[in-house]
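Student:
2 protein chains.
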Amino acid sequence: MRTDDLNVLVYAAEHGSLSAAARELAITPAVASVAIKRLEDALGTRLLVRSTRSLRLTPAGAHYLVHAKTALRALAEGEKELHRERQEIAGELSLSMPSDLGRNVLLGWLDRFMALHPQLRLRLRVSDRVSDLFRQPVEIALRYGVPEDSAW
Amino acid sequence: MRTDDLNVLVYAAEHGSLSAAARELAITPAVASVAIKRLEDALGTRLLVRSTRSLRLTPAGAHYLVHAKTALRALAEGEKELHRERQEIAGELSLSMPSDLGRNVLLGWLDRFMALHPQLRLRLRVSDRVSDLFRQPVEIALRYGVPEDSAW
DNA sequence: CGACTTTACGGGTATCGTAAACATC
DNA sequence: GATGTTTACGATACCCGTAAAGTCG
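Protein sequences, first through last, are from chains A and B.
The first sequence runs 776 to 927 under the working numbering.
The second sequence runs 776 to 927 under the working numbering.
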């Protein structure tokens, strides 16, 4: 049995639609459909009665949903605990990036990354000239486009 | 993630050996090994430290095992509830079997089967002659060996 | 040496997304 | 007719068992 299928069941019951669940889970409606079918075949019981315009749990499905949720919650909790145990990322990291890339893309990512790792300090060097890469010692340097000097 | 893999983890932790777990689960040691590897890869954490003669949980594995067990328990409970809802098997079933087969094999099975379905009454006809099959109307008849009359 | 774990590999199955068909309001 | 569900299908990926290699006591 696959936990992904259980997840589809939970989302489908929550959103009242396979397509909506599929959108949430970033899968196609087709695979959501077969996921439910797989579950039902494995359990030998119909869990959802589905028409094109409505979707509702069968009595059996309603009962099973409770247990599926607790199972998924237990696994998520276990996983969270694992990550909590994992060595904290700490110290200082210096990175170099072009100004536009930093402004448009990286800022949001870095915000979230630092929220996950409060012990981490970032030293950002924003510069648009590649030559700056050699001036300052950085640990990660990001550039994009066609490199002018293939020696890199 | 696969629940079968979680099951391998539970059995391996319980028996202290991948091979022992594999025997219990009727799989080969090789698939037990890759099951654990799959789990560890999915979680990004080593769960079991294994040498050829010993197997023990890592601290992370010990913590995760608890949640894996509750997840499996929840799913088993949900499945049991589904079967409980299912229509009870009731009524009378008559079967015919050779005396030795009944004594050696079937008795234990039938005991358990009747314990699962208290509404069911069994009518056993034990006889070693195949000709008896036609005398009494039975719904299931068991014989083994080479049939003397290919008309059956 | 013996028992256990792991890796390599081939065959078979499963699963995915696309696309089309089908159903329902 | 528009949205949602299901099926068909081809390509890929996954998973199993066998077998061999590696490992530890």
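All C-beta atoms in this analysis are idealised placements derived from N, C-alpha and C, irrespective of residue type, glycine included.
Everything numeric in this text was worked out from a predicted model, so none of it was measured.
Can you tell me where the alpha helix (DSSP H) holding arginine 918(B) begins and where it ends?
Tutor: In the DSSP assignment, arginine 918(B) falls outside any alpha helix (DSSP H), carrying neither H nor E.
Student: Do glycine 877(A) and leucine 891(A) have their CB atoms nearer than 8 Å?
Tutor: Contact flag unset, no.
Student: Which residue wins for smallest C-alpha separation from alanine 788(A), given the options Thr778(A), Pro893(A), Thr833(A)?
Tutor: Thr833(A)
Student: Counting only the same chain and skipping the five closest in sequence on each side, list residues whose C-beta sits under 8 Å from that of aspartate 781(A).
Tutor: The question names aspartate, but residue 781(A) in the sequence shown is leucine. The residues are Leu814, Ala843, Ala846, Leu847.
Student: Taking only runs that begin and end inside the region 858 to 891 of chain B, name each unbroken alpha helix (DSSP H) of 4 or more residues, in chain order.
Tutor: Counting whole runs of 4 or more residues, the region 858 to 891 of chain B contains the alpha helix (DSSP H) stretches 882 to 891.
Student: Contact criterion: CB-CB distance below 8 Å. Does leucine 800(A) meet it with respect to chain B?
Tutor: no
Student: So for leucine 800(B), helix, strand or coil by DSSP?
Tutor: Residue state, collapsed to three classes: helix.
Student: Near proline 873(B), what residues of its chain come up, given a Cβ to Cβ distance below 8 Å and the 5 sequence neighbours on each side ignored?
Tutor: Val901, Ser902, Asp903, Leu917, Arg918, Tyr919
Student: Please state whether the Cβ-Cβ distance between leucine 793(A) and arginine 831(A) is less than 8 Å.
Tutor: no
Student: Quick one: what's got a C-beta closer than 8 Å to valine 785(B)'s C-beta in the same chain, skipping five residues either side?
Tutor: Here the set comprises Leu840, Ala843, Lys844, Leu847.
Student: In three-state DSSP terms, what is arginine 848(A)?
Tutor: Reduced to three states, the DSSP call for arginine 848(A) is helix.
Student: Between the beta-carbon of leucine 885(A) and the beta-carbon of leucine 897(A), is there less than 8 Å?
Tutor: yes
Student: If you draw a straight line from the alpha carbon of proline 912(A) to that of glutamate 860(A), how long is it in whole angstroms?
Tutor: 32 Å
Student: Where DSSP assigns a beta bridge to valine 785(B), which residues make up the other side?
Tutor: Valine 785(B) is not bridged to any residue.
Student: Which residue marks the beginning of the beta strand (DSSP E) containing leucine 830(A), and which one marks its end?
Tutor: 830 to 832 is the extent of the beta strand (DSSP E) around leucine 830(A).
Student: What residues from chain B crowd round threonine 820(A), counting only those whose CB sits closer than 7 Å?
Tutor: Leu857
Student: Do you know how far the Cα of serine 871(B) is from the Cα of glutamate 914(B)?
Tutor: 8 Å
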